[in-house]
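Below: one structure, written as structure tokens.
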Amino acid sequence: MLGLIKKDLLIIKNNIKFAIIFIVVFVCFTEQSSELLYFVPIFLSTMLFISTFSYDDYNKWDAYACTLPQGKKSVVKAKYLASLLLTLMAVLITLILGFIIGAINKNFDAKEMLEIISGVVVAIVLLQSIMFPLMYKYGVEKGRIGIFLGVFGMSGLIGFLFKYLNIKIPNNVIQTFNDYWFIILPIIVILMILVSYNISKKIYLKKEF
Amino acid sequence: MKNAIEIRNLVKSYSDKFTLGEINLDIPSGIIIGLIGENGAGKTTLIKSILNIIRSDKGNIKIFEKDIKKNECEIKENIGVVLDNMFFPELLMPKDINSIMKDIYKNWDEQLFHKYLSEFKLKNNQSIKSMSKGMRKKLEIATALSHHPKLLILDEPTSGLDPVVRNEVLDIFLDFIQDEEHTILLSTHITSDLEHIADKIIFINQGKVVLDQSRDDLLDNYGILKCDVDKFDTISKDDIIAYKKNKYDYEILINDINKIKKKYKDFIIDKITLEELMVLMIKGEK
Chain A
23 MLGLIKKDLL
33 IIKNNIKFAI
43 IFIVVFVCFT
53 EQSSELLYFV
63 PIFLSTMLFI
73 STFSYDDYNK
83 WDAYACTLPQ
93 GKKSVVKAKY
103 LASLLLTLMA
113 VLITLILGFI
123 IGAINKNFDA
133 KEMLEIISGV
143 VVAIVLLQSI
153 MFPLMYKYGV
163 EKGRIGIFLG
173 VFGMSGLIGF
183 LFKYLNIKIP
193 NNVIQTFNDY
203 WFIILPIIVI
213 LMILVSYNIS
223 KKIYLKKEF
Chain B
1346 MKNAIEIRNL
1356 VKSYSDKFTL
1366 GEINLDIPSG
1376 IIIGLIGENG
1386 AGKTTLIKSI
1396 LNIIRSDKGN
1406 IKIFEKDIKK
1416 NECEIKENIG
1426 VVLDNMFFPE
1436 LLMPKDINSI
1446 MKDIYKNWDE
1456 QLFHKYLSEF
1466 KLKNNQSIKS
1476 MSKGMRKKLE
1486 IATALSHHPK
1496 LLILDEPTSG
1506 LDPVVRNEVL
1516 DIFLDFIQDE
1526 EHTILLSTHI
1536 TSDLEHIADK
1546 IIFINQGKVV
1556 LDQSRDDLLD
1566 NYGILKCDVD
1576 KFDTISKDDI
1586 IAYKKNKYDY
1596 EILINDINKI
1606 KKKYKDFIID
1616 KITLEELMVL
1626 MIKGEK
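Going down the list, the sequences are from chains A and B.
Each residue of the first sequence is one higher than the last, beginning at 23 in the working numbering.
Each residue of the second sequence is one higher than the last, beginning at 1346 in the working numbering.
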């Protein structure tokens, strides 16, 4: 299991030059506004992680992994854990970058930073939770198309509901959320991951390579 | 002799295109078994079934006398595998593979892995992507051997290798088999390799086992009888396994070469190679 987690992280390590260059360039160009910066490392790490699916696919890793002890049973679990680890690392990097740049520019706002990062993490976990089962089920390429259709469809639908059907979230719900977001969000994140993981596992165990 | 692999009533169908089986095989431990057959004959399907990568429709498979489905993990600790074009993602390097595998196999032997790397002249920090086909194959073989497996299952391990490297690799297999608990099952198109190293040949055609014999029996008993077109009718149909008509003569596949030699004294009867045997059995008329 640990070996399988390592495998994904090593792929990313060997591919990370591009991401570092991107972040450096980004930091240089967005001197003042650090809000956008909070988004970049987490987003990039997700993109990098999704590329591990392509590499797996290209070299038919999954069939090979099935020949290893614990192979088929742990591939999916390792994938989710590796993805979580990577997101955590990206959050850590973002925090450090945020502090440094905030200190340089003397406009550091810890509350704002935490709020933005939490939002990004929830969005990214939601994206991954939908994407992983789709990619396991339909393959990397089709899974990717699925996610774009899914995300645009969902945001379109939500926008439509709120705008034209005049649905409003009751004020007390918003209030509760504002007061307890630091508890509610982690619960939502963990639930999404668990549901997604179980779906992926079922799909994967049925699959033949 | 114990059986390394025991296959009973194995059937695996892919919709209505291809069916493997029913297969019954005993693969004794301590020997090299060559699996031959044309592309699409079912060799890889058989190998994947043995490894429990694909689900069989029927039958059961035992490895080291244990059911593969029930004892998968324990069994796989003792199997080394080279599959055709299935390996680690190509961004990784040998040092990454070492670091991953030592957390996967209990018996992973770093020193042995590095010994193979230097023997094969592979660099520890060169990505698989930048390796030639031969280097990749060698890395796959080194990886398969480095956890001290008892059974090697190799699908086309020598394809894409030049004759020099192929011989190196075959020597490693011969070295491996010195331990009498060790077994190798290997499929290949390069039948001449098997003539050198295999103790037993299994020939699969259209999903069925058509031959399962020791190499020596096979090469000693089968033969090719060559005769002119006008003499073909003098040969009893019962003696012909398959035949191929050339422009001026017939090539006839026969069994029990000594008996046939006595019976047809005026004909030329040659020893057979595995390749000729395979081609005649698949393409020859009956």
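No residue lacks a Cβ here, since even glycine has one placed at the ideal position from N, Cα and C.
What did DSSP end up calling residue i once you bin it into helix, strand or coil?
i	result
Q1456(B)	helix
E1596(B)	strand
L1570(B)	strand
G161(A)	coil
L1355(B)	strand
N1443(B)	helix
Y1609(B)	coil
P208(A)	helix
S96(A)	helix
A1386(B)	coil
F121(A)	helix
F1432(B)	coil
E1410(B)	coil
T109(A)	helix
Q150(A)	helix
Apart from the five residues on each side of it in sequence, which residues of its chain come closer than 7 angstroms, Cβ to Cβ, to residue i?
i	result
D78(A)	D84
G1629(B)	A1587, Y1588, K1589, L1598
Q150(A)	T68, S105
I1442(B)	F1433, T1488
I1542(B)	I1377, L1515, F1518, L1519
A112(A)	P63, I64, S67
N1600(B)	N1566, Y1567, I1586
K162(A)	For the sequence presented, residue 162(A) should be read as Val rather than Lys. Only F75, S76, D79 meet the Cβ criterion.
S222(A)	V98, F154, P155, Y158
I139(A)	Y60, V113, T116
G1382(B)	K1388, F1548, I1549, N1550
Would you say residue i faces chain B, with C-beta separation under 8 angstroms as the test?
i	result
L90(A)	yes
D131(A)	no
A100(A)	no
W83(A)	yes
Y226(A)	no
E230(A)	yes
N25(A)	In the sequence under discussion, the amino acid at residue 25(A) is Gly, which differs from the Asn named in the question. Interface residue, yes.
I72(A)	no
N86(A)	The displayed chain sequence assigns Tyr, not Asn, to residue 86(A). Taking Cβ atoms only, chain B reaches closer than 8 angstroms to Y86(A), which makes this a yes.
L149(A)	no
Could you name the residues of the same chain whose beta carbon sits closer than 6 angstroms to that of residue i, not counting the 5 residues immediately before and after it, in chain order?
i	result
T74(A)	D30, I33
L66(A)	A41
Y226(A)	V98, Y158
H1492(B)	Y1450, N1452, W1453
A87(A)	G93, V97
L1530(B)	I1378, I1498
G1620(B)	Residue identity differs from the one stated: residue 1620(B) is Glu in this sequence, not Gly. So the list reads T1536, once near-sequence residues are dropped.
G1425(B)	A1489, L1490, P1494, L1497
R1511(B)	T1503
In chain order, what residues of the same chain lie with their CB nearer than 8 angstroms to the CB of residue i, ignoring the 5 residues before and after it?
i	result
G1404(B)	I1352, R1353, N1354, L1355, V1356, G1366, E1367, I1368
F1363(B)	G1385, G1387, T1390, G1552
E1525(B)	S1374, G1375
K1440(B)	N1469, N1470
N1348(B)	D1371, I1372, P1373, S1374, K1407, E1410
For chain A, check one thing: does any of its Cβ atoms lie closer than 8 angstroms to the Cβ of residue i?
i	result
N1430(B)	yes
F1433(B)	yes
R1560(B)	no
D1441(B)	yes
M1446(B)	yes
K1362(B)	no
K1414(B)	no
V1426(B)	yes
R1400(B)	yes
I1449(B)	yes
S1358(B)	no
L1556(B)	no
E1464(B)	no
K1421(B)	yes
C1572(B)	no
S1633(B)	No statement about residue 1633(B) is possible, as the shown extent of chain B runs from 1346 to 1631 and does not include it.
- request: State whether the segment 1591-1601 of chain B contacts the segment 1553-1565 of chain B, with contact taken as three or more CB pairs (one from each stretch) at a distance under 8 angstroms.
  value: no
field: the segment 1571-1581 of chain B / the segment 1544-1562 of chain B touching (three or more Cβ pairs under 8 angstroms)
entry: no
- request: Report yes or no: do three or more beta-carbon pairs, one from the segment 1490-1501 of chain B and one from the segment 1469-1477 of chain B, lie closer than 8 angstroms?
  value: no
- request: Entirely within the segment 1461-1544 of chain B and at least 3 residues each: give me those beta strand (DSSP E) ranges in chain order.
  value: 1496-1500, 1528-1532
- prompt: Along the chain, which unbroken stretches of the alpha helix (DSSP H) at least 4 residues long are found entirely within the segment 51-93 of chain A?
  reply: 62-80, 83-87
task: Evaluate the contact criterion for the segment 1447-1466 of chain B versus the segment 1383-1396 of chain B: three or more CB pairs, one atom per stretch, below 8 angstroms.
output: no
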